[in-house]
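In the working numbering, the protein residues as written are 8 to 480.
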């Protein structure tokens, strides 16, 4: 620099003129200490767990690898647990675990990403056995790559809206996703039991576009919702690059729809969208207003849904629908009151597209092959009989070698029971069915004694056997 007086080449050091500073003789003050880059800063490696406390105000250290809470009660709007994932030491594996916790009175749980999916060494998030009272779990923006997230076994009661900081979302929902991008990541919401006492509540709610890319997967399975308008409401859904979106075996007591898309969905590049095994007394199974695109060897799997007397599909009638010849649509095993506007959807199915349909119950009757067309189900390439399994109708065909005993045999790169292109998240099993109530015992004929074997509680009151029995009149 011009401020250099002399250079000692042996020591490789500069002597500066007056007014010039530092080892390189710069024209401004140079601090004596140097802040190391983020990857070199000391990381808090404490792996201890916060246990059995009630927290009303929180201050989190983001520059650590482990966050653990067990049996903690988060109470009030000051107890919003916010994890800013992009400012964590993502060059190291991150572990965030909450087990047996309670969120109440406006407390919430937030995971905040960035404008783009940051590189990471892996982010593991587990929220399990949790109680939520007028609270919410929120995911915001593009989450880091390689996230493995599971929200499972949650008991929810909602009576008021949670106002989250730095978000416009004011909806009443169990899980919210605000412009979320999943990249090479998975998100599982499973075994949630939720009840809402206000109208216009949504089980899961997504703003803007929910994007799954780079082999990502999002599963919502084994959940039950009571008092909600939609099981899952989205503005727009984009599933691409061998990614998978699945609603599996969920129930709704009542409501408007299982799957509501304000704008629409696109499934591209060997990706899968599944709405399978869901049930409820709802007006529509699937409600999509504008855009439906399935392209590039992708699969739209709509099987075994039961909406009672509701309609299966609704759109505006002017929606743009594009289903390519290389893709597959499966519509089998569903029960409905009517097919709704499936006719407007199916008229855009491309020539050569494989459309598997059959075993459909409409208004209490299983449709025959001849009746499918009468109900607007046209362009069927394979009619599926009840109990019949096919490679194209029951599996993701590009990654399936064969079907044996109604089980898909996967090729390399296929995952789960239907050989989807992205890993299936591990989680708790399906909850057991409710116990069958015991049969009501028959009353004895008039004039006969009450046996202490059949009615022991009565025998205890009146005495064993027939001692003391009186003839009924």
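All C-beta atoms in this analysis are idealised placements derived from N, C-alpha and C, irrespective of residue type, glycine included.
- Taking C-beta atoms under 8 Å as the contact rule, residue 271 and residue 289 fail to qualify, at a distance of about 19 Å.
- DSSP, reduced to helix, strand and coil, places residue 52 outside both helices and strands of the structure shown, so it counts as coil.
- Look at residue 376 here: in three-state DSSP terms it is helix.
- Remark: C-beta atoms of residue 273 and residue 298 approach each other more closely than 8 Å.
- Between the region 273 to 285 and the region 308 to 315 there are three or more inter-stretch CB-CB distances shorter than 8 Å, so the stretches are counted as touching.
- Going by beta carbons, residue 235 and residue 210 fall inside the 8 Å limit.
- In the structure shown, residue 84 adopts helical secondary structure according to DSSP, grouped into three states.
- Looking at the backbone, the Cα of residue 78 and that of residue 134 are separated by about 12 Å.
- Just measuring C-alpha positions, the residue of 67, 111 and 251 sitting nearest residue 61 is 111.
- In this structure, the alpha-carbon of residue 82 lies about 13 Å from that of residue 169.
- A straight-line Cα-Cα distance of about 25 Å links residue 331 and residue 284.
- Residue pairing for residue 180: DSSP places it in a beta bridge opposite 209.
- Cβ-Cβ distances below 6 Å link residue 147 to 119 and 185 in the same chain, with the five nearest sequence neighbours on each side left out; the list follows chain order.
- The region 409 to 417 and the region 376 to 389 do not touch, with fewer than 3 CB-CB distances between them shorter than 8 Å.
- DSSP places residue 303 outside any beta strand (DSSP E), giving it a letter other than H or E.
- The distance from the Cβ of residue 212 to that of residue 180 is about 4 Å, consistent with a contact at the 8 Å cut-off.
- At least 8 Å separates the beta-carbon of residue 198 from that of residue 253.
- Within the model, the alpha-carbon separation for residue 93 versus residue 188 is close to 13 Å.
- As a beta-bridge residue in DSSP terms, residue 293 pairs with 266 and 320.
- Exposed is the label assigned to residue 25, since fewer than 16 other Cβ atoms lie within 10 Å of its Cβ.
- In this structure, DSSP gives residue 398 a helical state, which the three-state scheme calls helix.
- Just measuring C-alpha positions, the residue of 131, 95, 99 and 75 sitting nearest residue 107 is 75.
- The residues 21 and 22, in chain order, have a CB closer than 8 Å to that of residue 13 in the same chain once the five nearest residues on each side in sequence are set aside.
- Residue range 345 to 347 is occupied by the beta strand (DSSP E) that includes residue 347.
- Residue 139 is bridged by DSSP to 110 and 163.
- Shown here for residue 56: same chain residues with a beta carbon closer than 6 Å to its own, the five before and five after excluded, namely 75 and 77 in chain order.
- In this structure residue 88 is not in contact with residue 128, their Cβ atoms being roughly 23 Å apart against a cut-off of 8 Å.
- For residue 246, the enclosing beta strand (DSSP E) has its first and last residue at 237 to 246.
- For residue 336, the uninterrupted beta strand (DSSP E) run begins and ends at 335 to 339, by DSSP.
- In this model, residue 427 and residue 84 are separated by some 41 Å (Cα to Cα).
- Put simply, of 268, 192, 196 and 190 the residue whose alpha carbon is nearest the alpha carbon of residue 182 is 196.
- If you look at residue 21, you'll find it in the beta strand (DSSP E) that goes 20 to 23.
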